[in-house]
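Worksheet for the structure shown next.
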């Protein structure tokens, strides 16, 4: 509610900002829907040429709403944008569920950059793939992983955290090279 935002509730404020961003900014500043559809077709064709598993093939026909862990209504444009990101990430065997949890370790952003600008971000050399999200792609796997992780050494936890931080540092460096965003907007505050 508006009282939550006025009282400084971070989650509600971020939700409001996200809605403003997706409704007002994205449609005006990204490629027209026709071009986005064309790119989705190209990505689908490229992915189908690879020896892809059945899970990637599901992306050709599966609607994003069926994959989400929380049911959120997205505009048709945002659904296309998610579909595009899913198809790019599928080239790297990374299953993208939503715009929140799937981007939490920085790899989804880096896969997109690596796909379109491999000279800027090399998939095998630059990206740290071993993160907590990398080891579990379903909720059940995540719960089991956290139980196992709690029993393991602190060193393993530190490795995962270092890799996530490294991914976000790399992401920050890549975005700085684009030159289209203020460096204050892209600072990752937890490293």
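Numbering (this note's numbering), first residue to last: 2 to 192. For every residue, glycine included, the Cβ atom is placed at its ideal position computed from N, Cα and C. In this text, all values refer to a predicted model and were calculated from it rather than measured experimentally.
Between the alpha carbons of residue i and residue j, how many angstroms are there, rounded?
i	j	result
residue 41	residue 128	24 Å
residue 177	residue 121	11 Å
residue 82	residue 88	10 Å
residue 44	residue 84	10 Å
residue 4	residue 175	38 Å
residue 14	residue 22	12 Å
residue 11	residue 165	23 Å
residue 7	residue 98	31 Å
residue 36	residue 86	14 Å
residue 49	residue 126	25 Å
residue 20	residue 159	34 Å
residue 9	residue 16	12 Å
residue 75	residue 119	30 Å
residue 25	residue 51	37 Å
Would a C-beta distance cut-off of 9 Å place residue i and residue j closer than the cut-off?
i	j	result
residue 90	residue 112	yes
residue 110	residue 157	no
residue 93	residue 132	no
Shortest alpha-carbon distance to residue i belongs to which of the options?
i	options	result
residue 114	158, 157 and 169	169
residue 163	107, 118, 175 and 21	107
residue 38	166, 77, 102 and 14	77
residue 47	126, 116, 25 and 167	116
residue 1	75, 105 and 79	Nothing can be reported for residue 1, as the shown portion of the chain is limited to 2 through 192.
For residue i, is the classification buried or exposed, using 16 other Cβ atoms within 10 angstroms of its Cβ as the cut-off for buried?
i	result
residue 103	buried
residue 179	exposed
residue 95	buried
residue 139	Interpretation of residue 139 is limited by its pLDDT of 49, a score under 50 that renders its predicted location unreliable; the figure taken from the coordinates is listed afterwards. Answer is exposed; the Cβ neighbour count stays below 16.
Using a Cβ-Cβ cut-off of 7 Å (strictly less than) and excluding sequence neighbours within five positions of residue i, which residues of its own chain qualify?
i	result
residue 18	none
Between which residues of its own chain and residue i is the CB-CB distance below 6 Å, once the five residues before and five after are set aside?
i	result
residue 167	129
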